[in-house]
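J.: Residue numbers (the working numbering), protein chains in the order written: chain F, 5 to 503; chain R, 5 to 503.
There are 2 protein chains.
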Amino acid sequence: MPVSTFVLPASLALQLVSGAAPAAKPASSPASVKPAATAKATPVYSQAVAEKLIGPALTEGHAYARLAELTDGIGPRLSGSEGAAAAVQWAMRGFKADGVKAWTEPVKVPRWVRGEERGEVLATERTRAHPLSLIALGGSAPTAPEGLTAEVVEVTSLEQLAALGDSVKGKIVFFNHTMSVPADYGRFAGLRGRGPAAAVKAGAAGVLVRSLATASLRTPHTGSTRFEPNGPKLPAAAVATEDAELLHRLLANGPVRVKMVLGCSELPEVESHNVIAEVKGREKPQEIVLISAHLDSWDVGTGAHDDGAGVAMVMEAARLIAKLPQAPRRTVRVVLFMNEEHGLHGARAYAEAHAAELPRHVAAMEMDAGGFKPVAVSLRAGAGGQDLVRPWLPPLVALGAANFSAREAGGADLSPMAPARVPFFGVEVDSSRYFDYHHTMADTLDKVDPQDLARSTAAVAWMTYAMAEMPTTLARPEAPATPPGAPAPAATQPKATGH
Amino acid sequence: MPVSTFVLPASLALQLVSGAAPAAKPASSPASVKPAATAKATPVYSQAVAEKLIGPALTEGHAYARLAELTDGIGPRLSGSEGAAAAVQWAMRGFKADGVKAWTEPVKVPRWVRGEERGEVLATERTRAHPLSLIALGGSAPTAPEGLTAEVVEVTSLEQLAALGDSVKGKIVFFNHTMSVPADYGRFAGLRGRGPAAAVKAGAAGVLVRSLATASLRTPHTGSTRFEPNGPKLPAAAVATEDAELLHRLLANGPVRVKMVLGCSELPEVESHNVIAEVKGREKPQEIVLISAHLDSWDVGTGAHDDGAGVAMVMEAARLIAKLPQAPRRTVRVVLFMNEEHGLHGARAYAEAHAAELPRHVAAMEMDAGGFKPVAVSLRAGAGGQDLVRPWLPPLVALGAANFSAREAGGADLSPMAPARVPFFGVEVDSSRYFDYHHTMADTLDKVDPQDLARSTAAVAWMTYAMAEMPTTLARPEAPATPPGAPAPAATQPKATGH
Ligand SMILES: [Zn+2]
Ligand SMILES: [Zn+2]
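(1) Could you check where the alpha helix (DSSP H) with proline 454(F) kicks off and where it finishes?
(2) Does DSSP classify glycine 227(F) as helix, strand or coil?
(3) Mind pulling the beta strand (DSSP E) runs of 3 or more residues that sit fully within the region 288-348 of chain R?
(4) Below 8 Å, can you find three or more Cβ-Cβ pairs linking the region 425-440 of chain R to the region 212-227 of chain R?
(5) With 8 Å as the threshold, decide whether the Cβ of glutamate 129(R) is near any Cβ in chain F.
(6) Measuring straight from C-alpha to C-alpha, what distance separates proline 34(R) and histidine 443(R)?
(7) Please state whether DSSP places lysine 263(F) in a helix, a strand or coil.
(8) If you count every other CB in all the chains shown that lies within 10 Å of the CB of arginine 97(F), and 16 or more means buried, which is it?
(9) Per DSSP, which residues does asparagine 278(R) bridge with? Please list them.
(10) Using 7 Å as the cut-off, classify the Cβ of aspartate 447(R) as near or not near the heavy atoms of ligand 2, replying yes or no.
(11) Under a CB-based cut-off of 8 Å, is methionine 96(R) close to chain F?
(12) Alpha carbon to alpha carbon, what distance is there between leucine 138(F) and alanine 244(F)?
(13) Got a sec, what are the start and stop residues for the alpha helix (DSSP H) histidine 66(R) sits in?
(14) Whole-angstrom Cβ separation of aspartate 372(R) and glycine 314(R), contact assumed at under 8 Å?
(15) Using a Cβ-Cβ cut-off of 8 Å, state whether serine 85(R) counts as contacting chain F.
(16) Mark proline 420(R) as exposed unless 16 or more other C-beta atoms lie within 10 angstroms of its C-beta, in which case mark it buried.
(17) Would you tell me roughly how many angstroms separate the C-alpha atoms of threonine 468(R) and leucine 340(R), rounded to the nearest one?
(18) Do we get a CB-CB distance below 8 Å when we pair isoleucine 78(F) with the residues of chain R?
(19) Nearer than 7 Å: is that true of the beta carbon of glutamate 246(R) relative to any heavy atom of ligand 1?
(20) On a CA-only basis, which of Leu449(R), Ala483(R), Leu168(R) and Glu482(R) is nearest arginine 70(R)? Give me that one, please.
(21) Under three-state DSSP, which class holds methionine 369(F)?
(22) Give a yes or no on whether the minimum CB-CB distance between glutamate 282(F) and chain R is below 8 Å.
(23) Please classify valine 157(F): is it buried, with 16 or more other beta-carbons within 10 angstroms of its beta-carbon, or exposed?
(24) Under the rule that 16 or more other beta-carbon atoms within 10 Å means buried, what is aspartate 434(R), buried or exposed?
(25) Is histidine 298(F) a contact residue of ligand 1, with contact defined as CB to any heavy atom under 7 Å?
(26) Name the chain F residues whose beta carbon is nearer than 7 Å to that of leucine 216(R)?
(27) Compare the Cα-Cα distances from arginine 222(R) to each of Gly65(F), Asp447(F) and Pro454(F) and report the closest residue.
(28) With a threshold of 16 other CB atoms inside 10 Å of the CB of glycine 312(R), please say whether the residue is buried or exposed.
(29) Please state if the CB of isoleucine 292(F) and the CB of threonine 335(F) are separated by a distance shorter than 8 Å.
(30) Can a CB atom of chain R be found closer than 8 Å to the CB of aspartate 453(F)?
(31) Quick one: residues in its chain with C-beta nearer than 7 Å to the C-beta of valine 504(F), no 5 flanking neighbours on either side, listed in chain order?
(32) Since phenylalanine 439(R) is in the alpha helix (DSSP H), which residue starts that stretch and which ends it?
(33) With a cut-off of 5 Å, give the chain-ordered residues whose Cβ is closer than this to any heavy atom of ligand 1.
(34) Taking methionine 445(R) as the query, report the chain F residues whose CB atoms sit under 7 Å from its CB, ordered along the chain.
(35) Are there three or more Cβ pairs, one per stretch, closer than 8 Å when the region 414-433 of chain F is compared with the region 354-361 of chain F?
(36) Output yes if chain F places a C-beta closer than 8 Å to the C-beta of threonine 108(R); else output no.
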């Protein structure tokens with residue numbers, strides 16, 4: 005979950021209130037495809053293949069079973085952890101069982117480890133003490149063992165923090181905001197990603213950030229925060245929205261002091277791996293259709309929606325395509341990226357190691373918006389993309405996804421491929437409940453509806469096949485205006501943001 | 005939150021699926037009251053009084069402000085705790101500020117204190133370890149400091165546990181169930197209340213109970229459990245529904261071992277207090293209309309819905325009635341009971357201390373189903389009650405509560421008055437979301453809608469006035485068939501249960 009300038013996944017971007025939407029490329033208007041009026045119309049694709057991909061995806065429950073293996077069997081898999089290493093082995097075994105050739109490629113990843121964490125609002129003359137429901141942000145510094153006790157200063161933007169100048173010295177900066185719908189994530193994620201770095205520069209002693217959440221039962225949401233390399237760090241945690249509301253109410257009546265104890269630590273980098281698998285194309289094996297998800301998760305919850313569901317979808321798509329009587333025209337390559345959540349190291353390693361091949365990447369997708377039902381197909385390509393893809397959409401009608409999103413396809417792990425002008429495609433899912441669970445201990449298997457997952461898996465399998473089989477390929481898009489890694493704009497500016 | 009045979013609050017009872025509903029007294033069918041067709045119809049009551057009660061309740065926000073004081077200022081208030089003692093003082097100050105005469109009456113209460121609590125599912129050859137999201141039940145024994153590690157045995161009823169006989173010796177009994185709607189609470193609360201006592205008799209070493217929840221973000225729900233006085237106890241905790249699902253899935257594949265650490269302790273009993281306040285009747289001061297709520301809460305969350313909202317409603321009703329130009333015919337007595345949640349001690353102390361007065365208690369209500377919007381009026385009285393009350397309902401039309409519930413009025417703290425045949429009345433609220441928060445750290449102020457609370461407060465103020473002013477009183481009901489405190493039936497039998 006980096007929080008900079010990566011392309012907003014279409015599934016989330018769709019929900020941005022139009023007034024707050026990032027400036028987008030001129031988007032084609034959504035256009036639904038209807039099934040052919042008679043059964044005699046000849047499609048551009050093989051009906052038999054559509055049945056062989058969509059039928060099993062909808063009936064066998066294989067993707068859900070695999071997701072259960074990953075979440076129940078492996079569990080959390082933060083980059084650098086034993087869980088992450090176990091997930092790599094699990095994925096290799098899975099591809100082998102599926103008859104899909106797979107290999108690993110090395111990725112150096114950070115190893116940040118959560119420790120004890122607790123906090124409380126200290127009692128005043130007016131109010132008794134309150135425990136805080138908090139969770140350290142990935143990358144946070146620890147507090148001293150006895151904790152950090154300081155006065156709280158509330159701000160709602162990085163600009164407001166900057167305006168306070170020296171007055172936050174030695175204090176705990178509390179970043180509050182008004183997230184209420186998924187589209188708000190992009191507006192406020194910068195408070196978590198860049199707020200702590202800004203606060204440490206201003207001399208603050210610690211940071212509390214309101215969780216980026218669309219529902220809460222006192223549920224804090226973690227996520228990555230970034231400090232200057234080798235620069236100073238501070239203890240930074242997210243508080244549940246309830247606790248943010250409490251702090252806000254108490255601050256309205258006078259000074260508030262908080263004690264927080266964070267026992268997290270940054271260990272030496274670890275060698276980890278991307279997992280890559282391929283079904284070779286029958287005619288143009290040198291042309292690559294890349295489908296991806298990220299194998300790592302946060303260390304709380306079991307990463308069922310983020311991004312176990314994506315992993316299950318793309319592995320199942322490859323399994324079903326590998327079982328077809330004949331392979332599609334082009335090569336289908338699955339990449340399970342390591343460490344999307346805490347620095348995009350796997351994505352960068354892939355783009356570097358495969359730089360020479362990127363011009364032959366004719367389409368790339370990342371599924372990373374949860375295991376929800378499919379709602380649309382998205383593209384980020386040069387002119388004519390929709391016309392090329394539209395004839396392939398009828399098999400998605402009954403899945404509810406046979407239309408184009410008004411927003412562009414993308415994915416955090418795809419962003420390092422953008423400068424090479426790799427066309428992106430995607431299957432959008434209904435992410436309206438994604439930020440109820442995102443980066444929390446509640447991101448567990450029970451939150452994934454087997455029917456929704458099966459439908460999205462079917463749509464992914466079909467769209468992957470379509471990209472690999474269609475006679476011509478998508479035109480390559482323009483290179484992005486902002487290269488990945490460039491400084492992101494102010495957090496409260498609406499801006500496309502990866503997740 | 006006792007779990008025995010107390011009368012089901014009408015607000016919850018209404019939602020019982022009819023097939024699973026407890027055998028009820030023949031209930032009148034719900035009947036809506038419409039506003040008078042012309043403004044000239046002469047009501048049996050004073051319109052001016054209706055305006056003086058409902059107007060301020062809906063416009064001044066006094067009940068919500070008081071709830072904020074109680075939840076933010078005092079916070080959790082488990083019986084025997086400093087918070088509970090502070091709440092008693094807070095209530096006394098509140099009544100004084102309102103010009104309502106108040107006093108305290110002593111109640112001995114248990115003092116159970118939560119300690120460290122954590123658990124994990126141990127790794128097997130097939131699965132890595134998983135942390136458990138758990139919370140000790142009130143009354144639980146602690147584990148040894150190093151924790152309890154044992155194999156888990158899943159059952160779904162006390163009968164199933166009994167059938168297992170000696171085979172649960174030394175094991176952790178896991179009570180699973182299928183609660184999905186509020187009406188299920190009565191069906192399954194016995195697993196929490198009496199399951200641990202049954203398990204300790206069977207030789208089990210510990211108990212895990214699936215939380216009694218209608219929503220979860222890995223949110224465990226506590227509540228009271230009861231062992232034989234001076235009998236053996238064991239460590240007993242509730243797990244979040246997600247963790248119950250995980251245990252169930254893992255058990256389907258083989259043995260599961262859990263380690264749990266509970267550091268709770270039972271301290272000596274403490275003297276605490278009921279808070280009682282009165283507005284003397286102008287004509288028949290010896291006749292008492294009792295309105296009540298419970299001042300204690302669980303030790304997690306701030307008891308906003310359970311039962312801060314009820315406290316705010318009945319205090320505000322008394323304040324508004326005390327400000328009327330003339331007092332109603334009968335005495336309005338407010339009782340804020342201490343320790344509803346962990347043994348009903350306040351309710352029993354009140355019924356004992358006021359035994360001689362109970363024949364002069366002409367009506368009693370307890371608001372304890374959350375600070376939600378009002379939906380109906382309920383009664384538990386002898387024949388003719390609805391006919392007596394109906395002419396007083398028109399002021400509730402715009403509040404959405406001018407109709408009778410098909411279910412009887414009640415309340416856990418009222419149950420010790422039932423043998424004295426005190427008539428009960430109530431304002432039902434829409435409790436459909438109550439068990440999302442009930443007995444969790446998420447029962448906080450933000451969950452209470454100020455508008456809903458104002459509307460219920462208005463309805464409570466008006467119905468209280470109506471009971472105190474109407475020319476005659478409700479006929480007294482039959483005595484209950486099962487005296488309070490008698491053994492409750494099997495947990496999986498549908499049965500009315502207090503909360
Ligand atoms: Zn993700
Ligand atoms: Zn209660």
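The beta carbon of each residue, even a glycine, is placed where N, CA and C say it ideally should be.
T.: From the atom records:
(1) Start and end: 454-473.
(2) In the structure shown, glycine 227(F) falls within a coil segment according to DSSP collapsed to helix, strand and coil.
(3) 288-298 and 334-341
(4) Cβ pair count under 8 Å is three or more, so yes.
(5) no
(6) Unreliable placement is indicated for proline 34(R), whose pLDDT of 49 sits below 50; no coordinate value is reported for it.
(7) Under the three-state reduction of DSSP output, lysine 263(F) falls in the strand class.
(8) exposed
(9) Per DSSP, Glu109(R).
(10) no
(11) no
(12) Alanine 244(F) and leucine 138(F): Cα-Cα distance of roughly 6 Å.
(13) 66-72
(14) 5 Å
(15) no
(16) buried
(17) Roughly 15 Å separates the two Cα atoms.
(18) Contact with chain R is found for isoleucine 78(F), since one of that chain's Cβ atoms lies less than 8 Å from the residue's Cβ.
(19) False, no ligand heavy atom lies under 7 Å from that Cβ.
(20) Nearest of Leu449(R), Ala483(R), Leu168(R) and Glu482(R) to arginine 70(R), Cα basis: Leu449(R).
(21) Collapsing the DSSP output to three states places methionine 369(F) in a strand.
(22) no
(23) buried
(24) buried
(25) The answer is yes for histidine 298(F).
(26) The contacting residues do not exist; leucine 216(R) stays about 14 Å from chain F at best.
(27) Asp447(F)
(28) buried
(29) Yes, the pair counts as a contact, with Cβ atoms nearer than the cut-off.
(30) It does not; no Cβ of chain R falls within 8 Å.
(31) Outside the displayed span of chain F (5 to 503) sits residue 504(F), for which this structure offers no information.
(32) 438-441
(33) Residue selection by CB proximity (closer than 5 Å to any heavy atom of ligand 1) returns Asp310(F), Asp311(F) and Asp372(F) in chain order.
(34) Near methionine 445(R) (Cβ distances below 7 Å), the residues of chain F are Ser137 and Arg222.
(35) yes
(36) no
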